[in-house]
Every structure is written in C-alpha cells, then in structure tokens.
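Undergrad:
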Amino acid sequence: MKMSKGENIAQYVIVALLGLLCVSVLYPFLYMLAISLNDGADAAKGGVYLWPRNFTLINYEIVLGNEIIRNSYLITIGRTVLGTIGGLLVTLLVAYGLSYRGLPFRGTILGYILITMLFSGGLVPYYIQLNNLGLINSFWVYVLPGLFSVWNMFVMLKFIQGIPEALVESAELDGAGPLRILMQMIIPLSKPMLAALGLFTAVGHWNDWFAGAFFVTKQELIPVQTFLQQLLAASDLSAVLGSNTNQEALARSSQLQNITLMSIKMAVVMVSAIPILCVYPFLQKYFVKGVLVGSVKG
Amino acid sequence: MYAKLYKYRWQYLMILPGVVLLLLFNYIPMVGIQVAFRDFQIGTSIWNSAWVGLDNFSFIQDPQFLTVVKNTLYISVLKFIFGFPAPILLALLINEVTRPVFKRFVQSVSYLPHFFSWIVVAYILQSFLTLDSGLVNQFINQAGGDSIFFLGSTEWFRPMVVLSGLWKETGWNTILYLAAITTIDPQLYESAKVEGAGRLSQIRHITIPGMLPTISIVLILSIPSLITVGMDQIYPLMNSANQEVADVLDTYILRSGLQQGYFGMATAVGLLSSIISLILVVGTNQFSRKINGEGLW
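Going down the list, the protein sequences come from chains U and F. Position one of the first sequence corresponds to residue 1 (UniProt numbering), numbered consecutively onward. Position one of the second sequence corresponds to residue 1 (UniProt numbering), numbered consecutively onward.
(1) Quick check: what's the CA-CA separation for F/Leu90 versus U/Val23?
(2) To which residues of the same chain is F/Ile227 closer than 8 Å at the C-beta, ignoring the five residues directly before and after it?
(3) Please list the residues of the region 245–265 of chain F that have a C-beta atom closer than 7 Å to any C-beta atom in chain U, keeping them in chain order.
(4) Spatial neighbours of U/Lys297 within its chain, please: CB distance less than 7 Å, with the 5 preceding and 5 following residues excluded, ordered by chain position.
(5) Strictly below 9 Å CB to CB, what residues from chain U border F/Val97?
(6) Can you give me the C-alpha to C-alpha distance between F/Leu24 and U/Phe119, rounded to a whole angstrom?
(7) DSSP three-state call for residue 313 of chain U: helix, strand or coil?
(8) Taking 8 Å as the limit between beta carbons, can you name the residues of its chain near F/Val20, skipping five residues before and five after?
(9) Against chain U, with Cβ distances strictly below 9 Å, would F/Leu226 count as a contact?
(10) Under 9 Å, do F/Tyr177 and U/Gln284 count as touching if we go by C-beta distance?
(11) With contact counted as at least three CB pairs below 8 Å, one residue from each stretch, are the region 78–97 of chain U and the region 178–197 of chain U in contact?
(12) What is the rounded straight-line gap between the Cα of F/Phe37 and the Cα of U/Phe148?
(13) Please give me, in chain order, every unbroken run of the beta strand (DSSP E) with length at least 3 that falls completely inside the region 153–213 of chain F.
(14) Can you say whether U/Glu169 is buried or exposed, counting buried as having 16 or more other CB atoms within 10 angstroms of its CB?
(15) Would you say U/Met153 reaches chain F, if we count a Cβ-Cβ gap shorter than 9 Å as a contact?
(16) Does U/Phe119 get closer than 9 Å to chain F when you measure Cβ to Cβ?
(17) Going by alpha carbons, who is nearest to U/Gly46 out of F/Leu129, F/Ile46, F/Ser201?
(18) Excluding the 5 residues flanking F/Ile223 on each side, which residues of the same chain have their C-beta closer than 7 Å to its C-beta?
(19) DSSP on F/Ala50, reduced to helix/strand/coil?
(20) I need the straight-line Cα distance from F/Lys168 to U/Arg101, nearest angstrom please.
(21) What span of residues does the alpha helix (DSSP H) with U/Glu172 cover, start to end?
(22) Could you list which residues in chain F have their beta carbon closer than 9 Å to that of U/Tyr31, in chain order?
(23) Could you name the residues of chain U that F/Val194 contacts, counting a contact when the two beta carbons are closer than 7 Å?
(24) Which parts of the region 80–154 of chain U are runs of the alpha helix (DSSP H), unbroken and 4 residues or longer, counting only runs that do not cross its ends?
(25) Expressed to the nearest angstrom, what Euclidean distance is found between the alpha-carbon atoms of F/Val282 and U/Ile115?
(26) Could you say which of U/Gln11, U/Phe210, U/Glu61, U/Pro281 lies nearest to F/Trp118 if we only look at CA atoms?
(27) CB F/Leu125 to CB F/Ser147, shorter than 9 Å?
(28) State buried or exposed for U/Val81, treating a residue as buried only when at least 16 other CB atoms are found within 10 Å of its CB.
(29) Whose Cβ in chain U lies nearer than 7 Å to the Cβ of F/Val162?
(30) Can the beta-carbon of U/Leu197 be found closer than 9 Å to that of U/Asn152?
(31) May I ask you to list the residues that DSSP assigns as paired with F/Asp39?
(32) Count the CB pairs spanning the region 159–179 of chain U and the region 47–66 of chain F that are closer than 8 Å, and state whether there are at least three.
(33) Please return the same chain residues whose Cβ sits closer than 7 Å to the Cβ of F/Met265, not counting the five positions on each side in sequence.
(34) Taking only beta-carbon atoms, is F/Lys290 less than 9 Å away from chain U?
(35) Is there at least one Cβ from chain F nearer than 9 Å to U/Pro188's Cβ?
(36) Between which two residues does the alpha helix (DSSP H) harbouring U/Pro192 extend?
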C-alpha cells in the first residue's frame, strides 16, 4: 500500500504516541525493579532511573527470608488454586444445568440468580452473615463466598447455548446421560472459555486485598496483597521485620543500615507482581476471547 | 410433572450448589438489611435487637455525609468524563498502525496494567510521587521548584485518581472497540478510497459509525456505576491528609460500619445506595429499550 507524505507523517506521530504509552506502562516496573535491586540508602540519594547503581540482592533476601511474607504467599497461592478450580466447577455446573431449555422452573431459577446482580444487602449485613457462618478469621472466607460468580455463569451459559443443539441431541440418542455429555462434549468444547474465566478468577484471587484486610485479623491468614496494603502506609521497617527470625537474620547482616523502607517496599511489590508478568504472555490469547463473549449481552 | 422433574434430576443437582451459595452470601444478607432499622451489636442476634424506626437514618442530616456524597459524585463523574472517550481514541490510534507486530505489542502492553491490583498501582504512585525521593519531585527540584506532597494533598487527589484510573484501564477497555472495528466490512474502506476519501474522512465516515453500537452499549452500561466509586482504588490512596476529598460512600460505610461499629447506620447508608443503584439499573434498562429497541435483559 502506498502512502502519501501526510499519511507517512501521521503514521510516525501515531507510532510515537503509542510508543510513549508503552513506555508509561513499562517504565514504572523497570524503575521499581531498579530501586529494589539497588542499595537502599544509595537509592534514597536519587538518580537511580533505569539501572541499579549500587547493585545488591539484600532487599530480596530480606523479603524472601521473612516468615510473614512467605506465609502470605502460601495463603495467596492456596486461595488462588482452590478458589479458581472450585469457582470454575460451580460456575460450569450451574451454567450447564441451566442450558437445558426444557428444564422445569428454569425461568424461576434464572430470575433468582439475576436478582442478585441488581440488589445486594450491602457490606454490613454481608459481614454479619460471614460472622454468623463462622467465616470471619477463617481461610475459607477467601474461597467460599466467591465460588459462584453470577457474571461468569451467564458468560458460560451463553457460550454453552452457542454449541449446536444437534450435537447434544445425537449424543443423547446414543444413550449418553447429562454427566457424560458434560465430560465428553461440553468441557472439551469450552476449553478456551474455561481458560479465560479461570484466568480472570485467578487474577481476582491473586489481587484481592479486601477480604484479608477486613474479614481477617490473624496475621498468619493474610494474603500477599493485604500485606502490601498494610505495608503501603507503614512508616518504619518494623512492619516487614516483625518476626524474630527475621531480626536475627538482619542482625547478622552488616548491610542493615543500607536498607530503606522504600527499597524493601519495591522488592515486595516486584515479588507480588512477577508471577502475573510471567503467566501473562501465555494467557493473552485467551482473555480477549473471554471479554468478547462476556460482553455480548445475555 | 414429577416424571419431568425426575428426568432433569442431574441438572437440578448441578444447579443446587449455586443456588445454595447465593442463598448464603446474597439472600440472607438481604434479610439482614433490617439491621438498618434496629439497634444491632455484633455478637447478638439480629432478631433480638430492638427496633429503632428510622433512627439510623439520621446520617442524612450529617454535614459529613453530604461531603461524602459530593466526593463520590465528583470522582465518578470526573472518571467518566476522561475514562469514557479515552479507550475510543486509543482504539482508533491502534487501528491506524500499519505494522502488525507493533500493533500487537501496543495491545499487549496496554492491557497489562489491568492485571495488577490497585495496591500495586498505589505503590507505583508512591514510588514516583513521594516527597523526598520520588522521581517527580526530584525533577521539580532540579527545575528549581518546591516539592509537592502529591499523596497527602487535597488538590492532587482527584487528578491522581483519574490519571491512575486511565493508566490502569484504558488499554483494557479498548478490547471491545477494537473487536467492533474488525467487524467493519473492508469493502467499505475500498470504495471510500476509490471515491478519494483520506484516512481522516475514512475514520469519520466508516470507522466511528462502525463503532457506534458498541459505544452506545458501553455508555449505557456505565450509567449505573456512576454512583459507585470502587473502594478498591480509593482506599489505598486515602489518608488523613486527603480524606476530606477522598472519602466516598464505600469508604464511609466501611469506616462507620466495620471499623467504628455503627452497624445500623452503615447498613442504612448501604441500603440507600443500593436502592439508588437499583433505580439507575432499571431506569437504564428502560432507557436502552427505548433507544435500542431492546433492553439489557
């Protein structure tokens, strides 16, 4: 395709603008990475922009050696795995069950589900109910309330209804029951959809700080993001260095005076963000599809 | 009838967990709304608490509540004014890129911030904006200016919220628009070119009209959220120095309810905002029925 001179200039302007946008997204991560890999006291003098000037791994040693942080990781991984698998299972089963158009009371059940999207009890009654169920200060508060996502269910339902009915009918004629159709037809056909919804659910669990901040007070049950949220407002290092083992490790370290709150904070953020950065390229092809199916109004 | 119910027994069994979960985590809390009309303390039963009529609704006269409502509307309207057109513009720009590799790169990068939590975004802001060692203040100092305490100032709070919102979600929100653009018939562009239309008039007469249905759906869907500013973004950035402008309905409910123990009052505030958002959703649906000929449900 031949372009006129004006179009050529326009193309350069567009590329420059979009390039700037990419820099604005990527630079913060590179900057935080550089600070986290730099000697803290040195970084505080300023002038570290892209590359660590005084390279050290001490910030990461402290962060990864800290029991509270390690524990918060286990909690986050645990809730992400359980919450995602359980959530996908419940959502898929409900969507599949409701995809049978001949199901008696189908409209009633759909209405029952839809109402929850329109109206809610609000935070306090929700908290009271969690408390009555004994979920406050329990690991299960991270998993159980989020198992059924109405939104994801409607997306899934829409997708299953897009599968040609003749396919299901011919399987039924061959004597396959609903469970068999689910296992051998629906699940294999909906893999891309399940991948997309699974990704969104997993990211939601990984990034959630709210439940840990308000429904849990036991420090050993706190997920990474809640730990980060507590640390955000912290004004001294004791928030990270709370545990005894860690203080011992620090006492042995001669570099203690070179650590700053900022360098530690940046290391914790990088540690929480790196897993997402790692899986991101592999999952990209799925989520665009997921958004598109989800946006088609049901 | 029974035979039919029996025929679908497996389907009912599959639906059951979802129904039970909604009952536990959605419907029972709806019954709990009566706390708004009772004197409830945690540890006692809702049903044994005394009825207090509308006492819990006295917050309406509280000048602080008015400020909270104003803050909520202010922030959500600002976010809408900037946040709604931004992805449309970005999608148009991305669509004009002729090199497919660069196009894909821009898309991947611009979606990325969506996958990080608001907490991480708050850290990014902190690392750039802190008083002593933040990059922005370093530059301001080098240019001879005085440091600005962005994170603890009432003037900078709203721009900070709007900008960080744009940074995080604009790229992600282009997905729908880019998809809409790909469904436009390429023949339209061909015939426009034959008639001598330049890129700009092609955008104006073909691309934008092709995006219009998507734009209108996104617009309609965003109306109900106009009274809710997610606490996810606000809470991490809020502190005692900027609370005056940062406090929104969600943070107000959280503080008065869970942190200070005014359960009845916080429930009453929540009830009021639930009712308003219900009216907005239903109203929006009617509106969309009139305009598009069909509602959202």
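Ideal placement from N, C-alpha and C gives every residue a C-beta, glycine not left out.
TA: Answer, in terms of the structure:
(1) 15 Å
(2) Thr72, Leu73, Ser76, Leu249, Ser273, Ile276, Ser277, Leu280
(3) Ile253, Leu254, Gly257, Leu258, Phe263
(4) Low per-residue confidence applies at U/Lys297: pLDDT is 43, beneath 50, and the placement is therefore not dependable enough to give any value.
(5) Gln11, Ile14, Val15, Leu18
(6) 15 Å
(7) In the structure displayed, chain U extends from 1 to 298; residue 313 of chain U sits before or after that span and is not available.
(8) none
(9) no
(10) no
(11) yes
(12) 30 Å
(13) none
(14) exposed
(15) yes
(16) yes
(17) F/Leu129
(18) Leu280, Thr284
(19) strand
(20) 40 Å
(21) 165–173
(22) Ile124, Ser127, Phe128, Leu135
(23) Result: empty, since nearest Cβ-Cβ is about 14 Å, beyond 7 Å.
(24) 106–118, 123–132
(25) 12 Å
(26) U/Phe210
(27) no
(28) exposed
(29) None at all; the shortest Cβ gap to chain U is about 15 Å.
(30) yes
(31) F/Ala50
(32) no
(33) Asn56, Phe59, Ser256
(34) no
(35) no
(36) 191–207
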